[in-house]
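Only one structure is covered here, and it is reproduced in the block below.
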Amino acid sequence: MALLDDVKSELAALEDEKADARKAQVTAMIRFAGGFTHNAQKQIVMLATFDSLIAAQWLRDNIEDLYSLDAKLISSTRTTPKGTHQYHVVKVERGAVNLAVATGLIDRNKAVRGLPVKIVQGKIAQVRAAWRGAFMARGILSDLGKNPYMEIICPSNEAAMALAGLARRLGITAKPRQLSKSYRVTLTDPDSIERMLNSMGAMRSARDWTGKRSDGETRSKANRLANFDDANMRRSAKAAAEACDKVRKAFELFDAAGVDVPDNLRAAGQLRLEHGDASLEELGRLAEPPISKDAIAGRIRRLLQLAEKTAKSRS
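Heads up, the sequence shown is in the UniProt record's numbering, so the first residue is 1 and it goes up one at a time.
And the structure:
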């Protein structure tokens, strides 16, 4: 539980997120932590319930900042057979309908049971933010033992399917499943869990979680560091870092020279910058639509060749 709280605290403290990403996170938190309902006066209100106070505070603050609406935070304590628990409810009364439309959770006067199309088909930053919001709302993270897992409790099958689809866009396999009357999306592979933590932005927590791996796995990693495979990994990582540096300088040159870069080459270069540790095969899977590693390598190569030509013409 302490690790789970640490992850949510780290995610809530992230800064410099663009408005589109924060809006995607707000939408996911509302979708997975509650939604829109009617009060006693038959008016539509937004209610989202959290176990984590810091998650509730993040949602309240961002609803007020992004949508200029008054959001209330109400905390209460409940006694259950398992002990006493605190719950934190974010509530929006005035303007709840506008919030539902703005987030896309109501589309053409119909409630969206999964996630809005603008997130499902959105930018990678929005995809990451949606996963971040779902995790802050209903995420579970086990301690790393014999059966490690990360899980999101979902409000509907459609929400579970949408979340699994977003994971695929990140190159991560997450399985939707039904457990009794609840729907869940689950990751059980330790490497996938580590990648998802990093994708959401919880890099410190990912390192902490990885550090708790079993002694056997730790020894296995130590062996890999000493063998030829690890040498290949180091060379690949170095090559990726060098490619990132070249692409970054190329974009700076294009901006200075006012060069019109083809969309497919620009997108390939942007993927290289956004996923500095990813292999070419992983970059190909992240492309929209997905392409082969040879194709993504070719586009990055042509981008750098265009930079060379631009530099020569300016000299």
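We treat Cβ as the ideally placed atom computed from N, Cα and C, and that holds for glycine.
Since we're looking at a predicted model, the values are computed, not measured.
Between A71 and R60, the gap from beta carbon to beta carbon is short of 9 Å.
Unbroken alpha helix (DSSP H) stretches of 4 residues or longer found wholly inside the UniProt domain "WhiA LAGLIDADG-like" (128-219): 157-169, 190-200, 203-211, given in chain order. Cβ neighbours of A96 within its own chain (closer than 7 Å, five residues either side excluded): F36, I44, V45, M46. Where L105 is concerned, there is no enclosing beta strand (DSSP E), because DSSP gives it neither an H nor an E.
About 6 Å separates the CB atoms of G276 and A240; that is less than 8 Å, so the two are in contact. For the pair A134 and A28, the CB atoms are nearer than the 9 Å cut-off. It is roughly 31 Å from the alpha-carbon of Q126 to the alpha-carbon of R235. Here DSSP, grouped into helix, strand and coil, assigns S75 to strand. Judged by beta-carbon spacing, E17 lies beyond the 9 Å limit of A137, meaning their Cβ atoms are not closer than that value.
In the DSSP annotation of this structure, L304 is not part of any beta strand (DSSP E); the continuous alpha helix (DSSP H) holding it starts and ends at 293-314. Looking at I30, Q121, L197, the one whose alpha-carbon comes closest to that of E10 is L197. Relative to A167, the option among P155, I124, A55, A56 whose CA is nearest is I124. Collapsing the DSSP output to three states places K91 in a strand.
In summary, R31 is buried, with 16 or more beta-carbon neighbours lying within 10 Å of its beta-carbon over all protein chains present. Within the same chain, and ignoring the five residues on either side of R113 in sequence, the residues whose Cβ sits closer than 6 Å to its Cβ are S156, E158. The alpha helix (DSSP H) runs lying completely inside the stretch 31-60 and spanning 4 residues or more number zero.
The beta carbon of E151 lies closer than 6 Å to those of I140, R184, T186 in the same chain, with the five residues before and after it left out. With a 10 Å radius around the Cβ and a threshold of 16 neighbouring Cβ atoms, S205 comes out buried. Leaving aside the five residues that flank R195 on each side, the residues in its chain whose CB is nearer than 6 Å to its CB run, in chain order, I172. Per the coordinates, the alpha-carbon of L306 lies some 12 Å from the alpha-carbon of K249.
No Cβ-Cβ contact shorter than 9 Å links P148 with P116. G83 sits in a strand when the DSSP states are folded into three classes.
Of the candidates A164, A21, A111, A111 places its Cα closest to the Cα of A100.
Burial check for I74: the Cβ neighbour count within 10 Å stays below 16, so the residue is exposed.
Looking at the backbone, the Cα of S68 and that of I300 are separated by about 42 Å.
By the neighbour-count criterion, in which 16 or more other beta carbons inside 10 Å mark a residue as buried, Q41 falls on the exposed side. Shown here for S192: same chain residues with a beta carbon closer than 7 Å to its own, the five before and five after excluded, namely I172, T173 in chain order.
When DSSP states are grouped into helix, strand and coil, R266 belongs to the helix group.
Apart from sequence neighbours up to five positions away, the residues of its chain that approach A162 with a beta-carbon distance below 7 Å are G114, L115, V120, ordered along the chain. Straight-line spacing of the CA atoms in A164 and A24 works out to 16 Å.
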